[in-house]
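Novice: Using this note's numbering, you'd call the opening residue of the sequence shown number 9 and step up by one each time.
Beta carbons: idealized from backbone N, C-alpha and C, even for Gly.
Questions regarding the structure given below will be posed in turn.
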Amino acid sequence: MSKDIINAIEQIERMKGIPRDTLTQAVEAALLSAYRKNFRTSHKGVSVALDPDTGQVRVFAKKTVVDEVKDSAVEINRAEASRLFSTSNIGDEVEVEVTPQNFGRISAQTATQVIMQRIREAERTMVFDEFSDREEDIVTGIINRKEGRSIIVDLERTEAQLPPHEQVHSENYRIGSRMKFYIVEVRKTSKGPHIVLSRTHPGLVKRLFELEVPEVQEGFVDIKALAREPGTRTKIAVESRDEKIDPVGSCIGNKGARVRHITDELRGEKIDIIRWNEDPRIFIADALSPARVALVELEEETRVAKIYVPEDQLSLAIGKEGQNARLAARLTSWKIDIKGWNPQREASERSGQKEENTC
Numbered sequence: 009m010s011k012d013i014i015n016a017i018e019q020i021e022r023m024k025g026i027p028r029d030t031l032t033q034a035v036e037a038a039l040l041s042a043y044r045k046n047f048r049t050s051h052k053g054v055s056v057a058l059d060p061d062t063g064q065v066r067v068f069a070k071k072t073v074v075d076e077v078k079d080s081a082v083e084i085n086r087a088e089a090s091r092l093f094s095t096s097n098i099g100d101e102v103e104v105e106v107t108p109q110n111f112g113r114i115s116a117q118t119a120t121q122v123i124m125q126r127i128r129e130a131e132r133t134m135v136f137d138e139f140s141d142r143e144e145d146i147v148t149g150i151i152n153r154k155e156g157r158s159i160i161v162d163l164e165r166t167e168a169q170l171p172p173h174e175q176v177h178s179e180n181y182r183i184g185s186r187m188k189f190y191i192v193e194v195r196k197t198s199k200g201p202h203i204v205l206s207r208t209h210p211g212l213v214k215r216l217f218e219l220e221v222p223e224v225q226e227g228f229v230d231i232k233a234l235a236r237e238p239g240t241r242t243k244i245a246v247e248s249r250d251e252k253i254d255p256v257g258s259c260i261g262n263k264g265a266r267v268r269h270i271t272d273e274l275r276g277e278k279i280d281i282i283r284w285n286e287d288p289r290i291f292i293a294d295a296l297s298p299a300r301v302a303l304v305e306l307e308e309e310t311r312v313a314k315i316y317v318p319e320d321q322l323s324l325a326i327g328k329e330g331q332n333a334r335l336a337a338r339l340t341s342w343k344i345d346i347k348g349w350n351p352q353r354e355a356s357e358r359s360g361q362k363e364e365n366t367c
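As structure tokens, then:
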């Protein structure tokens, strides 16, 4: 059995990546449990030691040195103690080997079961520790199967769940397809870590820009604000910490390569990249891109922005079903009221009013 235990430890260390010390402690705990069960002892001073090189298993019990032994499980005669140890006095506590001759054969099955349980627990803990540090990060996974309306994603070392409310309805989650996901939550359970993923979270877009754009990853370009309607459109405001770096150009990339990679990962979701500006008038006007804005009037107390756009730009500024205006409002944190503007008509109306006043 000794050789089998060492071989098992080495194999599991290679395959599962569990440290040898963790495995050795699990084996010792398992063998101690088997010893207590098979030899029916409740003595708390019993311990099991496993030699990591030879695999030899030895059982030790702490005993008190006495003149007359009344309970051999916890006491040892002074003469016997003196034979085993160079010095021993009455009342001393010594550790005596009590390994049964048939311990390996009797405890093998029980020990194996407990060992496997401890190994599973250690593996679950390692996976939890790995992914708990990655909350609000992105991970690549493969669509494994569907359970009800949820999608189960294979993350190599474990599985994660993509619940219905974190799915983009326009996306096709085909079995076997590889995608990137945002880690929303990692929770420890009795069955292992419960990992919740998202394809709708705005953080997914932010992390994709950090992966794809070195200037963002290195901190030269900041993502100041982001508004998203998953599957259709995202507006993102960026600012440069270095006047020599164009934040919008950095995010777009050469011939649009960088933003195109992100759009492809988001299955065609459109992305508007806007330069951040401290002046809310300029920022709001840019946020309504691709529409051209003629005038912005702000009501500071109510945080309402009245936007005037050429009449031929009105539908573009509002967007399909109000999406462009809605995203701009969320990006800038201003309520937006868009009105059509015809300078020629207004000039004509003002001229008419002057003529009436003259009469």
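Within the chosen definition, does the stretch 96-110 reach the stretch 125-140 through at least 3 CB pairs nearer than 8 angstroms?
Specialist: Short answer: they don't touch.
Novice: How would you label M23, buried or exposed, when you count the other beta carbons within 10 angstroms and need 16 or more for buried?
Specialist: exposed
Novice: Residues bridged to Q169 by DSSP?
Specialist: I160 and V204
Novice: Quick one, are the C-beta atoms of F228 and S258 less than 9 angstroms apart?
Specialist: Their beta carbons are under 9 angstroms apart, which means F228 touches S258 by this criterion.
Novice: Thinking T30 and P60 are a contact (beta carbons under 8 angstroms), I'd like their distance in whole angstroms, please.
Specialist: That pair is no contact at about 12 angstroms.
Novice: Could you have a look at G257 and say whether DSSP puts it in helix, strand or coil?
Specialist: helix
Novice: DSSP state of L324, grouped into three classes?
Specialist: helix
Novice: Using the Cα positions of T240 and E273, report the straight-line distance between them to the nearest angstrom.
Specialist: 13 angstroms
Novice: Since I244 is in the beta strand (DSSP E), which residue starts that stretch and which ends it?
Specialist: Where I244 is concerned, the enclosing beta strand (DSSP E) stretches over R241 to S248.
Novice: If you reduce the DSSP assignment to three classes, tell me which class V224 lands in.
Specialist: When secondary structure is reduced to three states using DSSP, V224 falls in the helix class.
Novice: Please say whether I146 and Y181 have beta carbons closer to each other than 9 angstroms?
Specialist: Contact: no.
Novice: I244 and I279 - do their beta-carbons sit closer together than 9 angstroms?
Specialist: yes
Novice: In this structure, does DSSP put T366 in helix, strand or coil?
Specialist: Only weak support exists for where T366 lies, its pLDDT of 48 falling under 50; the value from the coordinates is given anyway. The answer is helix: DSSP assigns T366 an H, G or I state.
Novice: Per DSSP, R186 is paired with what?
Specialist: I150
Novice: Would you mind reading off the limits of the alpha helix (DSSP H) that contains F47?
Specialist: F47: member of the alpha helix (DSSP H) spanning R28 to F47, first to last residue.
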